[in-house]
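All remarks here apply to the structure that follows.
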Amino acid sequence: DQQVKQNSPSLSVQEGRISILNCDYTNSMFDYFLWYKKYPAEGPTFLISISSIKDKNEDGRFTVFLNKSAKHLSLHIVPSQPGDSAVYFCAASARTSYDKVIFGPGTSLSVIP
Amino acid sequence: EAGVVQSPRYKIIEKKQPVAFWCNPISGHNTLYWYRQNLGQGPELLIRYENEEAVDDSQLPKDRFSAERLKGVDSTLKIQPAELGDSAVYLCASSGADTQYFGPGTRLTVL
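Written as structure tokens, this is what we have:
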């Protein structure tokens with residue numbers, strides 16, 4: 045049973061527009077959430093995170109929103125650039141075991157020039 | 847600063863053969879992870895080390911998989927014998943105080 049879900053396997057966006065990647069989780073014990081970005085033939089790289097005490101965290105063009113009541117988070121990329129084309133993994137962990145990170149299946153983002 | 851190093855990058859073997867993957871974590875990182883990533887899925891934890899101690903190996907198929915982290919630095923993951931279903935990318939990651947840093951992975955193909 046998937047505890048972290050990314051229901052959109054792929055997403056295409058025009059350069060300069062907003063990309064919105066969604067993620068849902070089922071385990072109410074999760075209180076720390078991360079987004080990783082992965083290029084082909086490379087390992088995932090950390091992008092941005094958010095703690096459950098916040099509902100928004102921003103880092104440059106990347107913003108993550110957390111809706112705890114809906115067990116939903118989203119990653120916004122504004123403006124989208126061709127170099128953002130990659131697979132994005134949503135991940136979550138619980139305060140009882142921050143080292144145990146559960147990953148979603150990923151969403152492949154294509155930013156079209 | 848060098849990242850997480852893994853070798854080999856690619857490995858093709860026939861089923862029932864043994865295979866081993868090597869990982870060198872970022873210097874100073876005490877925590878080391880091995881993940882398996884199947885096609886179209888996210889990484890799934892196989893084993894986590896704190897220094898040389900395996901603190902979470904609940905997802906490691908112990909009948910055919912083994913791992914070691916001698917001296918709390920480099921680590922080796924072994925599969926013996928390999929099965930067709932073991933075809934995947936095997937990722938190693940390390941962490942210091944917080945974020946996990948991943949290596950490029952080893953893509954295993956079992957024929």
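Which chain is which? The protein sequence lines are A and B, in order.
Residue numbering for the first sequence follows the numbering used here, beginning at 45 and increasing consecutively.
Residue numbering for the second sequence follows the numbering used here, beginning at 847 and increasing consecutively.
Idealized CB from N, CA, C, for every residue including glycine.
- Listed in chain order, the beta strand (DSSP E) runs fully inside the segment 72 to 145 of chain A are 74 to 82, 89 to 95, 100 to 103, 106 to 111, 116 to 121, 130 to 138, counting runs of at least 3 residues.
- Interface residue (Cβ-Cβ distance to chain A less than 8 Å): Arg894(B) is classified as such.
- Put simply, the backbone Cα of Gln50(A) is about 10 Å away from that of Ser152(A).
- Annotated three-state conformation of Leu906(B) is coil, per DSSP.
- Taking C-beta atoms as the reference points, Ser940(B) and Thr955(B) fail to come closer than 8 Å.
- Collapsing the DSSP output to three states places Leu885(B) in coil.
- In the structure shown, the three-state DSSP call for Lys862(B) is coil.
- The closest CA to that of Gly148(A), considering only Ile121(A), Tyr142(A), Phe133(A), is found on Phe133(A).
- In this model, Glu860(B) and Asn870(B) are separated by some 26 Å (Cα to Cα).
- Close partners of Phe948(B) in chain A (Cβ separation under 9 Å): Tyr80, Lys82, Glu86, Gly87, Pro88, Thr89, Phe90.
- Between Lys98(A) and the set Val48(A), Phe90(A), Leu110(A), Pro88(A), the nearest pair of CA atoms involves Leu110(A).
- Between the segment 56 to 72 of chain A and the segment 116 to 130 of chain A there are three or more inter-stretch CB-CB distances shorter than 8 Å, so the stretches are counted as touching.
- Burial state of Ala114(A) is exposed, judged by a 10 Å Cβ sphere holding fewer than 16 other Cβ atoms.
- Ranked by Cα distance from Gly104(A), the options Phe90(A), Ser95(A), Pro123(A) are led by Pro123(A).
- Beta-bridge annotation (DSSP): Gln58(A) is paired with Ile156(A).
- Neighbours of Pro889(B) in chain A, taken as residues at a C-beta separation under 8 Å, are given in chain order as Pro88, Phe133, Phe147.
- Val901(B) sits exposed, since fewer than 16 C-beta atoms from the chains shown fall within 10 Å of its C-beta.
- Sorting Val935(B), Ser904(B), Arg910(B), Cys938(B) by C-alpha distance to the C-alpha of Lys862(B) places Arg910(B) at the top.
- Within the same chain, Cβ atoms closer than 6 Å to the Cβ of Glu914(B) are found at Thr922, the five residues on either side in sequence being excluded.
- Assignment of beta-bridge partners to Ala913(B) by DSSP yields Leu923(B).
- By DSSP's assignment, Leu954(B) forms a beta bridge with Lys857(B), Ala934(B).
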